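> One structure coming up, written as structure tokens, with questions to follow.
Numbering (the numbering used here), first residue to last: 16 to 62.
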């Protein structure tokens, strides 16, 4: 999803760009929250 590689013809690639844009944005926002320590996920102790 994030790697740059060509798939299909021009129409299929244009559709994939528009379809995956929101998913990429969500992925990058989640990464930014994690990297800056602002992630609010639940942490479960394993010991």
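Idealized CB from N, CA, C, for every residue including glycine. All figures in this text were calculated on a predicted structure; none of them were measured in a lab.
Quick one: what does DSSP say residue 50 is sitting in, helix, strand or coil?
As a first step, residue 50 is located in the chain shown; it is residue number 35 there, counting from the start. Correct three-state label for residue 50: helix.
> Can you tell me the Cα-Cα spacing of residue 33 and residue 61, whole angstroms?
Counting from one through the chain shown, the residue named residue 33 turns up at place 18. Counting from one through the chain shown, the residue named residue 61 turns up at place 46. Near 40 angstroms, if we compare the C-alpha coordinates of residue 61 and residue 33.
> Hey, how far is the Cα of residue 44 from the Cα of residue 58?
Position 29 of the chain shown holds residue 44. Position 43 of the chain shown holds residue 58. Looking at the two C-alpha atoms, the distance is approximately 19 angstroms.
> In whole angstroms, give me the CA-to-CA distance for residue 53 and residue 47.
Here residue 53 refers to the residue found at position 38 of the chain shown. Here residue 47 refers to the residue found at position 32 of the chain shown. Residue 53 and residue 47: Cα-Cα distance of roughly 8 angstroms.
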